[in-house]
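> Below is one structure. I have some questions about it.
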Amino acid sequence: MKRTYSRREFLGMAGAVAAGSVLAASTPVTALASQLQAAPAARRQAPAVLTPRKVRIAVGGWAEQNMKDLLARTNFTKETGIEVEVVLRTDTKETELTRLASAVQAGTSPYDVIDFEDELTTSFSRAGYVIGLDDLLPPDFWDDFPPEMIAYSQTWSTYKGETFRIIHNWEMPYWWYRKDWFDARGIPVPTTWEEVKPLGKVFTDETKGVWASVDGLIKGAFLNVYLAWITLQAGGNPFDVGPEYKMALEYIYDLMYTSKVLNPASLQKDYNQQNADYIADRVAFMRQWPFFGDVARSPENKDWFSEDKVAVALPPAGPGGKAGSTYAAAWGFGIIKTSPNLAEAKELLKFLVSKEIAVEAMKVGFWFLSARKSVLAAAPQDNWLVKQLKMYTDAGVIGVRPFHPRFVEALTILEDTAAAYLTHQISLDESLKQAKERLAQLEEE
Amino acid sequence: MHQTYARAPSLARANGQPILAALSKAGQRRYVLFLLLIAPAFLLRITTAAYPILQTIYLSFTNLNLIKNTNEFIGLQNYVAVFHDYGVREALSFTIMLVVSATILELGIGMLVALLLNAAFVGRGFARTINLIPWAIPTIVAGYTFRWLLDDQFGLIPYWLNLLSGARMVAFIDPVSARIAVILVHVWKDAPFMAIIFLAGLQGVPQDLYEAARVDGANVWHRFWHITLPLVMPLTITMGLFRVVWSLGSFDLVYGLTQGGPGVATSVLALQVFREGIMFFKFGFASTISVVLLVVVAIVGAIGLWLFRRSEVSY
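Keeping their order, the protein sequence lines are chains C and D.
All residue numbers for the first sequence refer to our numbering, where the first residue is 8 and numbers rise by one.
All residue numbers for the second sequence refer to our numbering, where the first residue is 1038 and numbers rise by one.
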C-alpha cells in the first residue's frame, strides 16, 4: 500500500537524515582524534616493525628500462636496503612543471629524484623546487669532468653558486652530411660560414625539391635551438640581442633566400619532417641531434642506409671561431625539495652520480653517455656515437649553450620575432627592436 | 483543460516588510522548500562556474607567478600590459579573423552539405555517416596530420597543386597562406557537424509548406529563401553562436598545425593563455588575457541572442 507523506513529515525526515549524516561523519573524526591521542602509548606497546625504506625516481619513458636494468645490475637495494620505484615523468617540460608546481605548493611530490632537462632545471632551481647538491658530492667529484662539461654545469645546473642537478647525458647537435654526394662532386666539406654559401648552387634544385640543407625550425623551441646554434657560432648569446645575434639572423636569411642553401620550409618543420627530408635524399647536409643516427640505422631504413649517407663532420665555424661551433644540452638528476623520502633520495643520487655507477650506467644504455672522463674512456670506441662525441670533444668545438635565466619565456620571444623577420612580416631592425624590448621587459618583471 | 501552477514566491518585499514576514505560514513553508530544492543546483553552479570566473577576474589584478613566487595586487597593470603586448594584440586580431571567417564558412558549407544529405539518393545513410568522420577525429591529431599533408616535400596537397599549376606550395612560411590554411582546416573539421545539425533542422520543416509553395509556382530557390532559410534561421544563429564560443576557447588545432607561427601570425588568444599560464606560470597575466577573452565571448553572445530574438518566426 502506498503511503503519502505530508510536507511537514517529509521535511522532518529530511532533517533527521541530514542530522544523522552530520553525526555519522563527525564520529570517525572524533574516533580518529582519540586514536591519535592514544597512539604514542600504543606505539610503546606494539612490537617494533621495520618499515621498508623507499624512494621514487622519475625518468622519461625512453629511459625506464635502462634505469631498472642499472639498479638491478648494481644491487642498489641489496646494498642499501632502499627499495627504488622507477616512475615515469611526462615527456613535455610544461606538463611536468605543472604537475610538480602543484605538488610542491601542497608540500609533497609524486617522486623524490627526477631526471630532468635544461629548461626545467632553470625553472626548478629559481622556484626553489629542488635542493642544493654540493654537500652530497665528494671533494674530487668534478675532477672527472672535462672543462666543457664543468662550464656547462656552472651555467645551466647552478644557481647562486649551488648545484641543483648532476648531469649524466650530454649531447650536441652534429653536422651530418652526404659524403657520397660530396665525393661524387669532388667538393670538400665546408669549414666556415663563407664556404657554406656556394653550396646552394651546387646542391639546391628547387624544381625537384632538393636543397643543400634543411632544419626543423617550427616554433615551440625548435627554432630557438637553431638561433642559439648559429648565434653561438657568431660568437654571442642570442638573448643579448647584440651584434652577433643580428649577424646570425642575417646569415640565416641569406642561407634561405639569397644563397638558397637552407630550405625556407624548414620554418614549418619539426625534427621528424627534417629527418624524413634527409632520408628521402632531398638534403645534402644538416644540423641534427644524435637521435638521427638511430633513426637512420633503424630497420625501416635499412635499404636506404649506408655509412656514407650519414657521415659526420665538424660544423662550419662562424665568426666566433671554432670553439663555439656547437653546444651541448644535458639531462641530469636532482632531488625535489618536498620529497617525502629525502634521506633515501640523497643516498640514491650519491649512488647514481658516482664514478663507478656512471660507467655502469653507460654500459646499460647510451642515455647515460657523456664526455665525463671515466665514462668516455670506458665507452666502446668503435661505436658511431662514441666516435662522434670524441671527435667533437677532442676538436674543442663545444661551447656553452646560450643561457637565459627565464629561458622558456625568452626563447618564445626570440622565436616570435625571428620567425616574423624570416617570413617577411617585419624588417630585421623591427625584429631586433621588438626582441630587445620584450626581453628587457622580462627582466623588469 | 486549464492547468494551474503554484506561483513562485515573489522575491520583492511586500509593503516594506521582509519577504518571509509578508507571507502566510503556508507561503513561508513553500518558500523554504523552494530554497531547499534549488540550493543544490545553485551551489553547484556557484562552485563550478561563478567561483572560477570571479577568481580569474581577481587574479587578473595580481602578479601571481608560481616560478617567481609573487602574488601581489597590482591594479590595472596587467590590462595595460595586455594591450601593449605584441603577441596578444596579434593573437586578438587573428582570433577574431579565424572565428568569424571559419564560422561563416562552416555555416554555409554545413547548410549545403545538409541540403545534399537531405535529398533522396542511394547510399544516403552511408553518406551521412562518412560525413561525420572529420568531426570525429581529435583536433590535435587533425592538426598534426595536416602539418604533414601540407609539408612541402611529402604533402598530398602541395603535390596536387604542383601537378595542377607547376608551383611548389609552402603553406606555413607566408603569414597569409598560413592563416588561410588554419581557417580551411578548421572548416574541414567542423563543417560536417554543422551539416548534421542542419539536417535535423531541415527534417523538421513541414512538407506541406513546400507543397503549398509549389502550388503557388515557387521554384527551388524561392522555396529555399522563403521557407527553408527562415525556418532554420534560429538554429543557424544558435549553432553559429555555439561555434563562435567554442572556437574562441580552443587552440588545439593551431597548436598542432602551426604553434601560432610563422611569428605570431596564426596565434590565438587561447594559445596565449596557455603559454602565459601553463608554460610561464604567469597566472596573473594569463588571467587578464582570459578576462579579455571572456569579454569577447560575452559581446558575441549578446549579439547572438539579439539576433536570435529577431529571427524567431511562426507559421
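Backbone N, C-alpha and C define an ideal beta-carbon position, used for all residues, glycine too.
Since this is a predicted model, take the numbers as computed values, not measurements.
Which residues in the same chain as V1337 (chain D) place their Cβ atom closer than 6 angstroms to its Cβ, once the five residues preceding and following it in sequence are excluded?
Excluding sequence neighbours, V1337 (chain D) sits near V1281.
> Answer with buried or exposed for N1108 (chain D), where buried requires no fewer than 16 other C-beta atoms within 10 angstroms of its C-beta.
Per the 10 Å Cβ criterion, exposed.
> Cutting at 7 angstroms between CB atoms, please list the residues of its own chain near V1305 (chain D), excluding the five before and the five after it.
Excluding sequence neighbours, V1305 (chain D) sits near A1128, F1131, T1132, L1135, F1288 and V1291.
> By DSSP, does I466 (chain C) sit in helix, in strand, or in coil?
Because chain C spans 8 through 452 in this model, residue 466 (chain C) falls outside it and cannot be assessed.
> Hey, does Q275 (chain C) have any beta-carbon neighbour from chain D nearer than 8 angstroms?
True, the Cβ-Cβ gap to chain D drops below 8 angstroms.
> Pull out every residue of the region 401 to 419 of chain C whose Cβ sits closer than 7 angstroms to any Cβ of chain D, in chain order.
Cβ contacts with chain D come from V415, E416 and T419.
> Does any C-beta atom of chain C lie closer than 8 angstroms to the C-beta of A1045 (chain D)?
Any reading at A1045 (chain D) needs caution, since the residue's pLDDT is 47, under 50, leaving its predicted position unreliable; the model's value is listed next. Taking Cβ atoms only, chain C never reaches closer than 8 angstroms to A1045 (chain D), which makes this a no.
> So is E213 (chain C) in contact with chain D if we call contact Cβ pairs under 8 angstroms?
Yes, its Cβ sits closer than 8 angstroms to a Cβ of chain D.
> Would you give the residue range spanned by the alpha helix (DSSP H) that Q161 (chain C) belongs to?
Counting along the chain, the alpha helix (DSSP H) containing Q161 (chain C) begins and ends at P154 to W163.
> My output table needs one value for L1154 (chain D): the three-state DSSP class, helix, strand or coil.
Three-state result, L1154 (chain D): helix.
> Would you tell me roughly how many angstroms separate the C-alpha atoms of E452 (chain C) and A255 (chain C), rounded to the nearest one?
Their backbone Cα atoms lie some 28 angstroms apart in a straight line.
> Along chain D, which residues have their Cβ under 8 angstroms away from the Cβ of A427 (chain C)?
Within 8 angstroms Cβ-Cβ: P1299, G1300, V1301 and A1302.
> For a contact defined as C-beta to C-beta under 7 angstroms, what are the partners of L1285 (chain D) on chain E?
In the displayed structure, chain E is absent; the protein chains listed are C and D.
> Assign H1263 (chain D) to buried or exposed, taking buried as 16 or more other Cβ atoms, counted over all protein chains shown, within 10 Å of its Cβ.
With fewer than 16 other Cβ atoms within 10 Å, it is exposed.
> Taking the alpha helix (DSSP H) that R1353 (chain D) belongs to, which residues open and close that run?
Given that chain D is displayed from residue 1038 to residue 1352, the structure contains no residue 1353 (chain D) and the question cannot be resolved.
> Going by other Cβ atoms of all chains shown within 10 Å of its Cβ, with 16 needed for buried, is G1203 (chain D) buried or exposed?
It is exposed - the Cβ of G1203 (chain D) has fewer than 16 other Cβ atoms within 10 Å.
> Is T1093 (chain D) closer than 8 angstroms to S1284 (chain D) when the C-beta atoms are compared?
Cβ atoms of S1284 (chain D) and T1093 (chain D): not closer than 8 angstroms.
> Am I right that K344 (chain C) and V111 (chain C) are in contact with their C-beta atoms under 8 angstroms? What's the rounded C-beta distance?
Between V111 (chain C) and K344 (chain C) the Cβ distance is about 7 angstroms, and since that is below 8 angstroms, they are a contact.
> Buried or exposed, going by whether 16 or more other CB atoms sit within 10 Å of the CB of A337 (chain C)?
Buried, because 16 or more other Cβ atoms sit within 10 Å of the Cβ of A337 (chain C).
> State the CB to CB distance for the pair I237 (chain C) and Y258 (chain C), rounded to an integer number of angstroms; the pair is presumed to be in contact (CB under 8 angstroms).
Sure, about 6 angstroms apart at Cβ, within 8 angstroms.
> Looking at chain C, is there any beta carbon in it that lies within less than 8 angstroms of the beta carbon of V1119 (chain D)?
Not one chain C Cβ lies under 8 angstroms of V1119 (chain D).
> Could you work out which residue in D:M1316, D:G1147 and D:G1300 is closest to D1227 (chain D) when comparing CA atoms only?
D1227 (chain D) has its Cα closest to that of D:G1147, out of D:M1316, D:G1147 and D:G1300.
> So for W338 (chain C), helix, strand or coil by DSSP?
Here W338 (chain C) sits in strand by DSSP.
> Report the start-end ranges of each alpha helix (DSSP H) in the region 1177 to 1259 of chain D that is 4 residues or longer and not cut off at the edges.
Listed in chain order, the complete alpha helix (DSSP H) runs (minimum 4 residues) inside the region 1177 to 1259 of chain D are 1193 to 1202, 1212 to 1240 and 1244 to 1252.
> Threshold first: 4 residues or longer. Then list the alpha helix (DSSP H) segments lying entirely within the region 56 to 129 of chain C, N to C.
Runs of the alpha helix (DSSP H) inside the region 56 to 129 of chain C: 71 to 80, 83 to 87 and 100 to 112.
> Please decide whether S130 (chain C) counts as near chain D, where near means a Cβ-Cβ distance under 8 angstroms.
By this cut-off, S130 (chain C) is an interface position.
> Since F292 (chain C) sits in a beta bridge, which residues does DSSP pair it with?
In the DSSP output, where bridge partners are listed per residue, F292 (chain C) has C:Y184 and C:S220.
> Does the region 325 to 337 of chain C touch the region 148 to 167 of chain C, meaning 3 or more C-beta pairs lie closer than 8 angstroms?
Verdict: yes, contact present.
> Is S1348 (chain D) helix, strand or coil when you go by DSSP?
Helix.
> Would you report the Cα separation of Q295 (chain C) and F229 (chain C), rounded to the nearest angstrom?
Near 11 angstroms, if we compare the C-alpha coordinates of F229 (chain C) and Q295 (chain C).
> Using the Cα positions of D277 (chain C) and G1293 (chain D), report the straight-line distance between them to the nearest angstrom.
Going by the C-alpha atoms only, they are around 11 angstroms apart.
> Beta-carbon within less than 8 angstroms of L1193 (chain D)'s beta-carbon, same chain only, minus the 5 sequence neighbours each way: which residues are those?
Contacts found: L1186.
> What are the start and end residues of the alpha helix (DSSP H) that includes A287 (chain C)?
Looking at the DSSP string, A287 (chain C) is not in any alpha helix (DSSP H), and its letter there is neither H nor E.
> Under a CB-based cut-off of 8 angstroms, is D1289 (chain D) close to chain C?
Not one chain C Cβ lies under 8 angstroms of D1289 (chain D).
> Determine the DSSP secondary structure at Y136 (chain C), reduced to helix, strand or coil.
Coil, per DSSP.
> Can you find a CB in chain D that lies within less than 8 angstroms of the CB of R289 (chain C)?
Yes - at least one Cβ of chain D is within 8 angstroms of the one on R289 (chain C).
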